[in-house]
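Reviewing the structure listed below.
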Amino acid sequence: MFTLTGLSCSRSVTSFAPIVTSFTKQPRASRSFSLYAEAIANGETESSTVTPQKKKVRTRRILSGVQPTGNLHLGNYLGAIKQWVEFQNTGKFSSAQDLDGKSYEEKDKDDGDVEVVNENFFCVVDMHAITVPQDPDELEESTLTSAALYIAAGIDPTKSKIFVQSHVSCHAELAWLLNCVTPMNWLERMIQFKDKSKKAGTESVGVGLFTYPVLMAADILLYQADRVPVGEDQRQHLELARDIVRRFNDQYCKGNPYKKRCKKAGLPTYPVFTEPEAMIVKAGGARVMSLTDGKSKMSKSDPAEASRINVLDPPDVIRDKIKRCKTDSLPGVEWDNPERPESTNLLNIYAAVQPGRSREDILEEVKDMAWGEFKPLLAEALIAHLEPIQKRYAEVRADGEYLRMVLREGAEAAEEIAERTLRATKVAMGFSVPK
Ligand code: TRP
0 MFTLTGLSCS RSVTSFAPIV TSFTKQPRAS RSFSLYAEAI ANGETESSTV TPQKKKVRTR
60 RILSGVQPTG NLHLGNYLGA IKQWVEFQNT GKFSSAQDLD GKSYEEKDKD DGDVEVVNEN
120 FFCVVDMHAI TVPQDPDELE ESTLTSAALY IAAGIDPTKS KIFVQSHVSC HAELAWLLNC
180 VTPMNWLERM IQFKDKSKKA GTESVGVGLF TYPVLMAADI LLYQADRVPV GEDQRQHLEL
240 ARDIVRRFND QYCKGNPYKK RCKKAGLPTY PVFTEPEAMI VKAGGARVMS LTDGKSKMSK
300 SDPAEASRIN VLDPPDVIRD KIKRCKTDSL PGVEWDNPER PESTNLLNIY AAVQPGRSRE
360 DILEEVKDMA WGEFKPLLAE ALIAHLEPIQ KRYAEVRADG EYLRMVLREG AEAAEEIAER
420 TLRATKVAMG FSVPK
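In terms of numbering that gives the first Met the number 0, the sequence shown is numbered consecutively and its last residue is 434.
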């Protein structure tokens with residue numbers, strides 16, 4: 000057994016606790032859990048017996064990913080990873096909504112007295128990264144850095160699976176199958192593609208950038224994910240994934256020939272894919288914006304390094320960036336004044352790194368401050384929050400063997416599920432599938 004001091008994960012990564020499932024035939028629309036996911040995940044077939052349970056236990060699968068970057072910034076961290084950690088530890092997302100704007104606090108009430116067991120998968124999507132040019136000398140390094148940062152930020156490999164997308168080749172394979180069932184004009188509508196390709200010019204943009212959302216749909220659908228926490232900018236991609244599910248299930252998973260193919264392959268006859276729900280997550284209640292322009296998102300593609308704080312920035316760099324960041328000449332610090340986007344953004348960051356404090360409490364402290372007074376306070380709060388993460392990051396990164404083990408076990412767990420879904424997809428489409 001392998002131990003690593005200083006980390007909460009001091010034993011070999013265990014697999015999820017055994018999950019009790021009951022596999023009943025209810026009409027699809029009335030289910031709030033993906034029974035098919037459970038069946039596939041547990042290798043059950045339609046004929047599995049149902050064990051009577053006092054309390055129903057349901058598995059709910061959560062999947063999310065971010066692109067590898069050697070320089071994860073505050074937007075990635077507050078908008079994604081910190082929220083994943085909260086979810087992993089509490090089973091709740093304090094500020095997430097579905098695509099229709101319904102809060103998950105409300106939605107979770109529908110669970111009634113069913114006990115929900117979450118299975119979390121967090122993925123470093125390195126194959127999405129290559130949709131724009133990557134330096135081969137840096138890709139591996141940034142992939143490992145990202146995975147180590149997940150762990151350093153609190154993703155616990157004994158509670159959640161961490162894996163690298165390219166380690167599970169089913170992603171590429173399912174993406175191809177889905178490419179062939181996704182209409183061209185669905186992708187032509189994608190705002191992110193339009194933006195990115197306009198910037199680079201279509202002669203230099205790879206086809207992969209165009210089909211990027213299909214690969215993302217494959218990431219999600221392979222795991223029968225019920226819920227996908229993402230930022231607001233991924234809304235359209237999630238809608239696309241849902242559209243693909245409906246189209247696929249409708250085109251391939253109906254009627255007696257489908258049932259026959261399933262039976263022959265020993266698979267349940269449910270539609271292959273689960274419609275994922277988006278959990279649109281707002282970082283501490285809002286998006287993290289650039290330090291040099293409170294109206295645009297903090298982004299790694301911004302050429303101005305001073306526009307973002309990286310999670311691994313040393314204290315002096317953080318102090319300096321905050322000192323120089325854009326503000327205005329109005330007195331005091333306030334929230335949600337549309338004329339003062341920088342004030343809102345800096346307050347949001349200040350609040351997000353002090354999770355125990357209420358907005359009122361924070362406002363009370365800082366509302367009358369001049370920028371010169373507030374900025375050092377913000378810088379120190381940020382440093383205090385990031386310091387332990389940076390420390391753990393250094394430990395994890397120094398121990399290549401541990402990191403490789405986490406990723407190997409993550410990929411193995413992921414692959415087991417992914418392979419089953421891929422096989423079911425192929426059966427549905429009529430491929431000759433080995434037993
Ligand atoms: N496109 C997402 C982003 O840029 C990253 C991503 C890829 C993702 N595959 C995913 C997120 C699957 C959630 C689920 O943020």
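For glycine and all other residues, C-beta sits at the position ideal for the given N, C-alpha and C. Nothing here was measured: the structure is a model prediction, and the numbers come from that model.
Check	Outcome
From what residue to what residue does the alpha helix (DSSP H) around M183 run?	183 to 187
Since I416 is in the alpha helix (DSSP H), which residue starts that stretch and which ends it?	399 to 428
A147 bridges to which residues according to DSSP?	According to DSSP, which records beta bridges pairwise, A147 is partnered with nothing at all.
With distances taken between CB atoms, is the gap from E172 to L346 smaller than 8 angstroms?	no
Would the C-beta of Q133 count as close to the ligand TRP, meaning under 7 angstroms from any of its heavy atoms?	no
Using 10 angstroms around the beta-carbon of R403, count the other beta-carbons present and answer buried if the total reaches 16, otherwise exposed.	exposed
Mapping the DSSP letters down to three states, classify Q233 as helix, strand or coil.	helix
Once the 5 residues before and after V426 are set aside, which same chain residues still bring their CB inside 7 angstroms of it?	R260, C261, A264, L266, V432
According to DSSP, simplified to helix, strand and coil, what is M288?	strand
Pick out whichever of L239, V206, K193 has its Cα sitting closest to the Cα of M215.	L239
Which word fits W175, buried or exposed, when buried means at least 16 other C-beta atoms lie within 10 angstroms of its C-beta?	exposed
Please report the residue range of the beta strand (DSSP E) in which S159 lies.	159 to 163
Is any non-hydrogen atom of the ligand TRP found closer than 7 angstroms to the C-beta of G64, if you look at the structure I gave you?	yes
Please determine if the stretch 238 to 254 and the stretch 85 to 95 are in contact, where contact requires at least 3 C-beta pairs separated by less than 8 angstroms.	no
Is F92 helix, strand or coil by DSSP?	coil
Kindly give me the distance between the Cβ atoms of T273 and Q223, rounded to whole angstroms, as I take these residues to be in contact under 8 angstroms.	4 angstroms
So what's V123 in DSSP terms, helix, strand or just coil?	strand
Quick check on the burial criterion: 16 or more other C-beta atoms within 10 angstroms. Buried or exposed for R188?	exposed
As a quick exercise: from P212, I154, S328, pick the residue whose alpha carbon is nearest that of N178.	P212
Under 7 angstroms Cβ to Cβ from T452, same chain only, skipping five residues before and after it: list those, please.	Residue 452 cannot be examined here, being either before or after the span of the chain that is shown, 0 to 434.
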